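Notes follow once the structure below has been shown.
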Amino acid sequence: MTSKISNKASPLPRGVYCPVLSLYEPTPEQDLDLDASYKYFSYLIRGGVDGLVLAGTTAEAVLLSPSERQSLTRTARTAAVDLGFHSFPLVAGISGQSTRESIRLAKEAKEAGADFGLLLPPCFWPKAVNKDVILGFFNEVADSSPIPVVIYNFPAVCNNVDLNSDILASLAQHPNIVAVKLTCGNAGKVTRLTQEFTHEQFGVYGGSSDWLVPCLIGGGGGCVTGIGNVFPKSVSKLYALYREGKISEAVKLQGLVAQAEKACKEGIAPTKFGASYFAGPKAGIVGKEPFWPRKPYAPSEKVMQDWVVEVMKDLDEVEKSLPDAVPAVVNGKKH
Numbered sequence: 624m625t626s627k628i629s630n631k632a633s634p635l636p637r638g639v640y641c642p643v644l645s646l647y648e649p650t651p652e653q654d655l656d657l658d659a660s661y662k663y664f665s666y667l668i669r670g671g672v673d674g675l676v677l678a679g680t681t682a683e684a685v686l687l688s689p690s691e692r693q694s695l696t697r698t699a700r701t702a703a704v705d706l707g708f709h710s711f712p713l714v715a716g717i718s719g720q721s722t723r724e725s726i727r728l729a730k731e732a733k734e735a736g737a738d739f740g741l742l743l744p745p746c747f748w749p750k751a752v753n754k755d756v757i758l759g760f761f762n763e764v765a766d767s768s769p770i771p772v773v774i775y776n777f778p779a780v781c782n783n784v785d786l787n788s789d790i791l792a793s794l795a796q797h798p799n800i801v802a803v804k805l806t807c808g809n810a811g812k813v814t815r816l817t818q819e820f821t822h823e824q825f826g827v828y829g830g831s832s833d834w835l836v837p838c839l840i841g842g843g844g845g846c847v848t849g850i851g852n853v854f855p856k857s858v859s860k861l862y863a864l865y866r867e868g869k870i871s872e873a874v875k876l877q878g879l880v881a882q883a884e885k886a887c888k889e890g891i892a893p894t895k896f897g898a899s900y901f902a903g904p905k906a907g908i909v910g911k912e913p914f915w916p917r918k919p920y921a922p923s924e925k926v927m928q929d930w931v932v933e934v935m936k937d938l939d940e941v942e943k944s945l946p947d948a949v950p951a952v953v954n955g956k957k958h
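The opening position of the sequence shown corresponds to residue 624 in our numbering, with each subsequent residue numbered one higher.
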């Protein structure tokens, strides 16, 4: 490691994080279904994920009001506490197109119980987003944010604004910027950043689990993975196998995870269908409609649904073979 910066006061803990889907009531208004959300958060935590991400891209954050974002975070905190986890890591999306909006979202996330804020770069006018704009935006938000900031690099949803490793290394100097989520899928950024920084100085995470093992080999701290919504026990097991030094077993499971996660690459609707088909019943959520995308976006067509089931079914067999990491709570008692 070459950097001499101090360790961050609150590093993002290593592990597998699930960017949780938003669930809606089956009504024309599609209000948030917080009862279903509570069941779903509990299911994911019992499955062994190390943290939850609320109001991120997988949660359709751009379709949520500020108050809805807070409600999801509060509900997730309640679910974690009810399972006995009083300090379970919660990361809340705080991405706005202005510095002012992002700071407000960070403060509201803190009030709702979030531990960290996940922040995309501004991107509405991509030609105006130069290096100085990026550095100024993240540093100013981090200056005013009451929670540590995790940089979110996802060019596909940011008009191809892509943060290179030199910009990320500059931002890592800020004492309140603690990590980056690389949904760009660039393994070179992982190795360059982990060569320069320890995890405690600046954590580096993959933005999906189809390259979790390569990310960990490169020194990364874990991943934030959409397929965790469908198979939380399997992705948690993959991480555990690698950390236990069972590399051949990890590589074998990595292939199955990657095959299943390719469905998530097709968009939010296939991801939500996969979750409704495989995870919803296990979480105690009735019907498919709570998992439909918020309008104007539509559920997957039948052909896509059949394909999702086909590519995910092998990993479902693994999922069914694994025990819960945490017992369920029934009538106030763990079972």
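Glycine included, each C-beta is placed from N, C-alpha and C at the ideal position.
Note that the structure is a prediction, hence the values are computed from the model and not measured.
- Secondary-structure assignment with DSSP links C846 through a beta bridge to V639 and G829.
- The residues I726, in chain order, have a CB closer than 6 Å to that of S767 in the same chain once the five nearest residues on each side in sequence are set aside.
- In the three-state reduction of the DSSP assignment, F901 falls in the helix class.
- The three-state reading of DSSP puts I800 in strand, counting E and B together.
- An exposed status is given to R723, since fewer than 16 other beta-carbon atoms sit within 10 Å of its beta-carbon.
- Looking at the backbone, the Cα of T698 and that of S660 are separated by about 7 Å.
- For Y666, same chain residues with a beta-carbon under 8 Å away, outside a window of 5 residues either side, are P855, A902, K905, A906 and G907 in chain order.
- Per DSSP, V934 is one residue of the alpha helix (DSSP H) stretching across K925 to S944.
- Comparing C-alpha distances from S857 to each of E867, T701, V780 and A873 shows the shortest one belongs to A873.
- Listed in chain order, the non-local C-beta contacts of R692 below 6 Å within the same chain comprise A678, local neighbours out to five positions each way being set aside.
- Y862 and V639 have their C-alpha atoms roughly 7 Å apart.
- Nearest to Y663 by alpha-carbon distance, out of D705, V643 and T680, is V643.
- Each residue's CA atom was taken as its position, placing L706 and V676 some 17 Å apart.
- Collapsing the DSSP output to three states places F711 in coil.
- With a threshold of 16 other beta carbon atoms within 10 Å, F747 falls short and is exposed.
- Within 10 angstroms of the beta-carbon of P649 lie fewer than 16 other beta-carbons, which makes it exposed.
- Here G740 carries a strand assignment [DSSP, helix/strand/coil].
- Sequence-distant partners of A702 (beyond 5 residues in either direction) whose C-beta falls short of 6 Å from its own C-beta, in its chain, are Y661, F664 and S665.
- When the Cα atoms are used, Q653 and S626 turn out to be separated by approximately 48 Å.
- For Y862, the enclosing alpha helix (DSSP H) stretches over residues P855 to R866.
- Within 10 angstroms of the beta-carbon of V847 lie 16 or more other beta-carbons, which makes it buried.
- Inclusion of L879 and L816 in the CB contact set at 8 Å is not warranted, their separation being larger than that value.
- The residues L743, P744, C746 and P749, in chain order, have a CB closer than 8 Å to that of C781 in the same chain once the five nearest residues on each side in sequence are set aside.
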